[in-house]
Every structure is written in structure tokens, then in C-alpha cells.
Amino acid sequence: MGSGVQEQRASLTQGEVQPLASCSQSEVSYEGLKRTRSVLNSLFSGAVAGAVAKTAVAPLDRTKIIFQVSSARFSAKEAYRLIYRTYLKDGFFSLWRGNSATMVRVIPYAAIQFCAHEQYKRLLGGYYGFQGTVLPPIPRLLAGSMAGITASMMTYPLDMVRARMAVTPKEMYSNILHVFMRISREEGLKTLYRGFTPTMLGVVPYAGLSFFTYETLKKLHAEHSGRPQPYSYERLAFGACAGLIGQSASYPLDVVRRRMQTAGVTGHTYGTILGTMKEIVSEEGVIRGLYKGLSMNWVKGPIAVGISFTTFDLTQILLRKLHQMGYIA
């Protein structure tokens, strides 16, 4: 009889353990699926955000790059004349020249940047004990900087190609592949990474301050308004402030990067960051050289960053609603 009771207890114990193991496995599987869906949503939302934002400001972006890599003085009047002359000479769509290269770069760049930012927020939140809530200031700044570095490292040659296409006539480079082939053949593969160091140095304050400002403004808004989510126009305003601060902080390094990227077609031989800065300052001065085109960036940058952040957030919200309604598996 005793042995029978023991067998019964053993069988009950075995019967109880099995559902617990199954439950644990299903929880792990669910968490894995949830995390995978979050990553895919971030990648898709980031790609859409980058494409929409960059296409919206492409003519201004192209004009800014042309002034950045030349010694001509910048002014709003001269920028308007350049846009108008380009329109008369090559047609309306020539204002978007190089935008195809921009899309090839910006779609993976924005997808990686936004996705990396979400993942860094999760990792840093777990490390600092702020999982599911807004990070403290320093980790918030760190998450944005690390996201920018990750995206820039993985897509830099595409940025180089885009800059070359923006400042050259269409007869010189027929398409993106032609740019890669011609640079590799005539200037060497190392040229595809020219300007990489100032890019890495510039992306730390740019991405860090952009994400930091946007996240901080959303946090302050939630605390003062009592609404967990801002309206679309409020998101645009927060993103515009983020773009204004981020791009102003990193602008001189952006000018240096563009000069180094386009040295092969402008006749200059920029070698180092400090050397490039000294040459720009000696020829054009600090403000007119290192900050050339900044006023246009104060128009273009906030618009682009505002559209980018807003599009990302709204796409994320849309994807979650579609999932809840059963339209997405």
C-alpha cells in the first residue's frame, strides 16, 4: 500500500511538472516572437521614416552639399538662384539628382538607426533598471549616439556615393553602380571610406542629441499634459527641435566630411580632419567656411528630422493596431 501511495505521488509530481515546463517554454517562445516582431516593426518603420523625410527635403539637401564642397559664398539668395538655374537647365526632377543614391543609403541607414535605438534603449533600460520607462539623461544620450554610430558604420560607402552624385553632372556618373566602379578603378577602394572619421565624430553629437532631445520633449509633454502620446503636430515640433540642436552641434564636421568625400572631383587633396579644417578656415574663414549652409540646414534639418521621428512613431502605432486587428500575423 505504501509503495502504491509513493507511485501515486510520483505520478502526480510528474503530471504537475510537465505543464509547468510546457508553460515556461511557451512563455519563452512568446517573448522571442514578441521581440522579433518589435525588431521587424522598428526596421520597417525606420525605413519608411527615412525615405519620406529625405525625399521631402532632397532639393535643399542637394543645394546644401553643392555649397559645402565649393568656395562660393552661401546666402539664401544664392541658394535660390542655384535651385532656379538647375531647374531651368536640367528640369524639375534634376533637383532630386542623387536622391536614388540617397534612398539606397537612407532606407537601410534609418532602418538600422531606429531599430538599434530601440534595442539600445531596451538593453540600457535593463542594465540601469528602467525597463519599460524613459531612460535617465545619460543613458538616453548614449542610446542615441550608439544607434547613430551603428547605422553610419554599416552604410558609409553609400553616403560617399550619394555625395559624389549630388555634386557632379549626370554625364560623369550614370548610376550608383557606375559611381562605385569608377571610384574603385580610378581612386581605389579606400576612397569609399574617405571622410569616415569625421563622420563617426560628428554622428555622436548629432544622433545622440537628436534622439535625446526628442525623447526628453516627449517625456516632458507626457508629464505636463497628462496625455501619454503627443499629437502629430506636436511630434513634428519635437522632431524639429531635435534636428535643430543635433545638426547645429555637429555641422562643422559635416562640412569636413563632405569636402573629404568629394575631393576626387573638386580638385582638392584633403587628407586629415585638422588639415581640411585649417584649409577651409584659411581660405574662407570660420563662419563662412565651417558653417557654410548652416542657415539652410536650420530650414532643412528640422523639417527632415521632424518628419522622420513623426513618421517612425506613427508607423509604429499603425503596425501595432494592424497586429491587434489581426491584419498582421
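Heads up: the sequence shown is residues 679 to 1007, going by our numbering. Don't be surprised by glycine CBs; every beta carbon is placed ideally from N, CA and C. The structure displayed is predicted, hence computed values, not measured ones.
Identify, in the order they occur along the chain, each residue of the same chain with its Cβ nearer than 8 Å to the Cβ of residue i, setting aside the five sequence neighbours on each side.
| i | result |
| --- | --- |
| Y851 | R842, M843, V857, R860 |
| I744 | L760, A844, V845 |
| L992 | S910, R913 |
| A754 | S973, M974 |
| T894 | P815, R818 |
If contacts are defined as beta-carbon pairs under 8 Å, then residue i and residue j qualify, I think. What distance do you get, rounded to the angstrom?
| i | j | result |
| --- | --- | --- |
| G822 | S888 | 6 Å |
| R935 | G880 | 6 Å |
| V882 | I827 | 7 Å |
| G971 | F752 | 5 Å |
| R863 | M838 | Not confirmed; about 15 Å, so no contact. |
Expressed to the nearest angstrom, what Euclidean distance is found between the alpha-carbon atoms of residue i and residue j?
| i | j | result |
| --- | --- | --- |
| L855 | G776 | 12 Å |
| Y948 | T954 | 5 Å |
| A736 | R818 | 29 Å |
| R930 | Y969 | Here residue 930 is Pro; the residue named in the question, Arg, does not match the sequence. P930 and Y969: Cα-Cα distance of roughly 6 Å. |
| S720 | K999 | 14 Å |
| I995 | S716 | 12 Å |
| D739 | S707 | 45 Å |
| T764 | G967 | 23 Å |
| E961 | M938 | 16 Å |
| R713 | Y834 | 28 Å |
| P847 | A750 | 18 Å |
| L718 | R800 | 15 Å |
| A829 | M878 | 10 Å |
| L711 | Y1005 | 17 Å |
| T780 | K978 | 15 Å |
| Q791 | T891 | 16 Å |
| S772 | S778 | 12 Å |
Classify residue i: buried if its beta carbon has 16 or more other beta carbons within 10 angstroms, exposed otherwise.
| i | result |
| --- | --- |
| F831 | Looking at the sequence provided, one finds Met at residue 831 rather than Phe. Looking at its Cβ environment, which holds fewer than 16 other Cβ atoms inside 10 Å, M831 is exposed. |
| S928 | buried |
| H1001 | exposed |
| D768 | exposed |
| A920 | buried |
| L698 | Because the pLDDT at L698 is just 46, under 50, the model does not fix this residue reliably, and the point stays unresolved. |
| P980 | buried |
| L997 | buried |
| F770 | exposed |
| I965 | exposed |
Taking 7 Å as the limit between beta carbons, can you name the residues of its chain near residue i, skipping five residues before and five after?
| i | result |
| --- | --- |
| H795 | A821, G822, A825, F889 |
| V782 | L836, I854 |
| P989 | Note that residue 989 corresponds to Thr in the displayed sequence, not to Pro. Counting only Cβ-Cβ distances below 7 Å, and skipping sequence neighbours, we find V726, A727, V730, A731. |
| F884 | In the sequence on display, residue 884 carries Tyr and not Phe. So the qualifying residues of the chain are G826, G924, Q925, A927, S928. |
| T940 | V747, A841, R842, V845 |
| K896 | P908, F916 |
| P814 | Y806, F808 |
| A900 | P906 |
| Y798 | A821, M824, A825 |
Looking only at its own chain, which residues have a Cβ that is under 6 Å from the Cβ of residue i, when we skip the five neighbours before and after it?
| i | result |
| --- | --- |
| T741 | A757, L760, I761 |
| P876 | L931, V934, R935, I951 |
| E849 | none |
Taking Cβ positions only, does residue i come closer than 7 Å to chain B?
| i | result |
| --- | --- |
| A734 | The displayed structure is made up of one protein chain only, and chain B is not part of it. |
Within the present structure, is the beta-carbon of residue i separated from the nearest heavy atom of the ligand ADP by less than 6 Å?
| i | result |
| --- | --- |
| A794 | Absence of the ligand ADP from the depicted structure is noted, as is the absence of any ligand whatsoever, leaving it without description. |
### Task
Would you check if the region 809–817 and the region 903–910 touch, i.e. whether three or more CB-CB distances between them fall below 8 Å?
no
* Tell me, please, whether the region 724–735 touches the region 770–787 by the rule of three or more beta-carbon pairs shorter than 8 Å. => yes
Per the contact definition of three or more C-beta pairs closer than 8 Å, is the region 906–926 in contact with the region 972–988? yes
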